[in-house]
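Everything on this sheet refers to the single structure shown next.
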Amino acid sequence: MTDQHRPRPHHELTEDQLRDLLHRAVATVQPEPGALPRLRTAVPRRRAARRRAWSGAAVLAGAAAVLPLVHAAQPFHLSGDPTGGQAAGEGHAAVPDSSAAAPGHPHGLPTASVTGADGTGSETTADPSADGSPGASPAVPPLCTRADFGRVDAQQADAIPADGRIYGWFRLTNTSDHPCRVTDPGVLDLGTGATGVRLAAHTVGDPAGALPDPAGLPRELLLGPGGSYLVRFAWVPARCDTPPPVPSSRPTLAPSSAGLPGAGTPAEPAPAAVAADPSPTGEPAPGGTPGPSSPATFALGYIPDRSARPAATAALPVGCGGTVYHTPPEPAPAPGGPAPSSSAAP
Amino acid sequence: MNVTGAAVAITLPGAARRAGSRMGFAAAAADATGASVDQLTDTYRAHYRSLLRLAALLLDDLSSCEDVVQEAFIRVHAARRRVRDPEKTLAYLRQTVVNLSRSTLRRRLLGLRLLPKPMPDMASAEEGAYDALERDELKAALRGLQRRQREVLVLRYYADLTEAQVAEVLGISVGSVKAYGSRGLAALRVRLESGDD
């Protein structure tokens, strides 16, 4: 079907010409600027959705396998009060992976209640508390809701003197009496005062080196009653280009006014600096740059669900702006000190 | 970590929501093998633009093209086994772009959007008017082809696939590829010529 012998001076289109034409026809087509960022958020979300479809089935299988055992072996009435089981729980804490020992873990202690649901199957089943809450039906635990998180708090460590970095975390505790799953990583939220502050997901190699490698974190968490998870963040302030007027923020540590070392001047702490920096390490002026009257902290909130309201906020010195790095949820280490759920009040 | 301060608990609404960053389980979605979101970036850099252009030749308005290529990237990267072998990633992507372009066209036809919006041209001023003319001519001519003919020509001469590769992408025989190709080329000649008169 080649009729290429007819003379067509201008448009005797050869294959090479077509190739050339095609390339030139789209030579000006460029990706829109936000294309890659969009993919960066969309791909993990799609993966999570796919995974949910799969892990839902896995959890169901796991729950079905474990629950009958737990129920069969429960010698006492489970009131759902985790504090009552503390001692007994300790006694049997070394629950090996044999599920016969599982009943020794009667009350679903918070210490063991966080499980990466997508961990290996055997490990999941070896952790009875994840599914062992009384009255749980052998079904997939529901997704955690805001109401399940009766206790939420934010904590931050001292600023690192050298560069003013501050590490901290939000901790959300399942204070309900049933296990629930966390699949939505939630969002960090910049509140008032956050001028020049940006958010970034932590990646290996960025300045927030002490944050855990996100690759090692589970994609889904199963929180038993009393179990909690952390969302860590690191505040890395930018270096101020122009040294702001720092007369007042310098003397943070040494109350220079009176010249009495250790006098304390309790009545009048170093003026603006205290508000500027809760961790008084005299950092490259984390206060001061903006207007003198503006609050020198910004609110960093964490929203575990899709609502508009942060469940908790932390106040960080805004300084000259900077970056908040964050990691996805991770199982919280067993809180040794904090009382389990007794103090929980929504 | 020396924990001291506790800034806080439960605060209330009020907090103006200035910026939110969805914390994708981003890198958490990384493979055990270490293949991660960085791979997405790599693939993006290597192939996104050419796939976008491929879609631009198969479709006509740029926003659909972008949607199609985005969706292809998402689908292929969400299925990890598909990106395990970088050699094959491009093939998966290309296949998906072709399939999605096809269904986008179909949807659009069903939606009776028969008159395609012209692709927003970002032709710069220094580009010759002749080039622009030629380009529009070609695009108009391509649009006039049968879908299969257009696909074969674009895959063969823009994406530089072999006839066998085109056959695989389109799920037709090599013989059909040859036939669609030569008929498409002939039709294109006719159209370009008639457009010339």
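Chains as they are written, first to last, in the numbering used here: chain A, 1 to 346; chain B, 1 to 197.
We treat Cβ as the ideally placed atom computed from N, Cα and C, and that holds for glycine.
Under 8 Å between C-beta atoms of residue i and residue j
{"i": "A314 of chain A", "j": "A154 of chain A", "result": "yes"}
{"i": "R147 of chain B", "j": "L105 of chain B", "result": "yes"}
{"i": "P304 of chain A", "j": "G186 of chain A", "result": "yes"}
{"i": "R165 of chain A", "j": "A238 of chain A", "result": "no"}
{"i": "R191 of chain B", "j": "L58 of chain B", "result": "no"}
{"i": "F298 of chain A", "j": "L190 of chain A", "result": "yes"}
{"i": "P44 of chain A", "j": "L221 of chain A", "result": "no"}
{"i": "V236 of chain A", "j": "A201 of chain A", "result": "no"}
{"i": "P212 of chain A", "j": "T327 of chain A", "result": "yes"}
{"i": "L54 of chain B", "j": "Y157 of chain B", "result": "no"}
{"i": "K178 of chain B", "j": "E163 of chain B", "result": "yes"}
{"i": "L300 of chain A", "j": "L188 of chain A", "result": "yes"}
{"i": "Q30 of chain A", "j": "R82 of chain B", "result": "no"}
{"i": "R189 of chain B", "j": "L13 of chain A", "result": "yes"}
DSSP three-state assignment for residue i, whether helix, strand or coil
{"i": "T145 of chain A", "result": "coil"}
{"i": "E168 of chain B", "result": "helix"}
{"i": "I160 of chain A", "result": "coil"}
{"i": "P37 of chain A", "result": "helix"}
{"i": "A53 of chain A", "result": "helix"}
{"i": "K178 of chain B", "result": "helix"}
{"i": "E330 of chain A", "result": "strand"}
{"i": "G224 of chain A", "result": "coil"}
{"i": "R198 of chain A", "result": "strand"}
{"i": "C180 of chain A", "result": "strand"}
{"i": "R191 of chain B", "result": "helix"}
{"i": "D206 of chain A", "result": "coil"}
{"i": "D16 of chain A", "result": "helix"}
{"i": "T175 of chain A", "result": "coil"}
{"i": "G168 of chain A", "result": "strand"}
{"i": "A312 of chain A", "result": "strand"}
{"i": "V187 of chain A", "result": "strand"}
{"i": "Q95 of chain B", "result": "helix"}
{"i": "V43 of chain A", "result": "helix"}
{"i": "G301 of chain A", "result": "strand"}
{"i": "V152 of chain A", "result": "strand"}
{"i": "T162 of chain B", "result": "coil"}
{"i": "L185 of chain B", "result": "helix"}
Residue i burial status per 10 Å Cβ neighbour count (16 or more: buried)
{"i": "R46 of chain A", "result": "buried"}
{"i": "P161 of chain A", "result": "exposed"}
{"i": "Q17 of chain A", "result": "exposed"}
{"i": "D177 of chain A", "result": "buried"}
{"i": "R143 of chain B", "result": "exposed"}
{"i": "G227 of chain A", "result": "buried"}
{"i": "R40 of chain A", "result": "buried"}
{"i": "G181 of chain B", "result": "buried"}
{"i": "R171 of chain A", "result": "buried"}
{"i": "S64 of chain B", "result": "buried"}
{"i": "G175 of chain B", "result": "exposed"}
{"i": "T173 of chain A", "result": "buried"}
{"i": "A147 of chain A", "result": "exposed"}
{"i": "E32 of chain A", "result": "exposed"}
{"i": "G319 of chain A", "result": "buried"}
{"i": "P310 of chain A", "result": "buried"}
{"i": "R45 of chain B", "result": "exposed"}
{"i": "R232 of chain A", "result": "buried"}
{"i": "E15 of chain A", "result": "exposed"}
{"i": "R135 of chain B", "result": "buried"}
{"i": "E66 of chain B", "result": "buried"}
{"i": "S103 of chain B", "result": "exposed"}
{"i": "S307 of chain A", "result": "exposed"}
{"i": "V171 of chain B", "result": "Checking the sequence, you will find Gly at residue 171 of chain B rather than Val. Classification of G171 of chain B: exposed, given that the 10 Å Cβ count is below 16."}
{"i": "A194 of chain A", "result": "buried"}
{"i": "G34 of chain A", "result": "exposed"}
{"i": "T323 of chain A", "result": "buried"}
{"i": "A296 of chain A", "result": "buried"}
{"i": "T145 of chain A", "result": "exposed"}
{"i": "A159 of chain A", "result": "buried"}
{"i": "S173 of chain B", "result": "exposed"}
{"i": "L185 of chain B", "result": "buried"}
{"i": "R51 of chain A", "result": "buried"}
Assumed close pair residue i, residue j - CB separation to whole angstroms, cut-off 8 Å
{"i": "T89 of chain B", "j": "V76 of chain B", "result": "7 Å"}
{"i": "L230 of chain A", "j": "W169 of chain A", "result": "5 Å"}
{"i": "Y302 of chain A", "j": "A312 of chain A", "result": "6 Å"}
{"i": "P141 of chain A", "j": "R181 of chain A", "result": "5 Å"}
{"i": "R219 of chain A", "j": "A49 of chain A", "result": "11 Å between Cβ atoms; not a contact."}
{"i": "G321 of chain A", "j": "V204 of chain A", "result": "Wrong, their Cβ atoms sit about 24 Å apart, outside the cutoff."}
{"i": "V154 of chain B", "j": "L22 of chain A", "result": "7 Å"}
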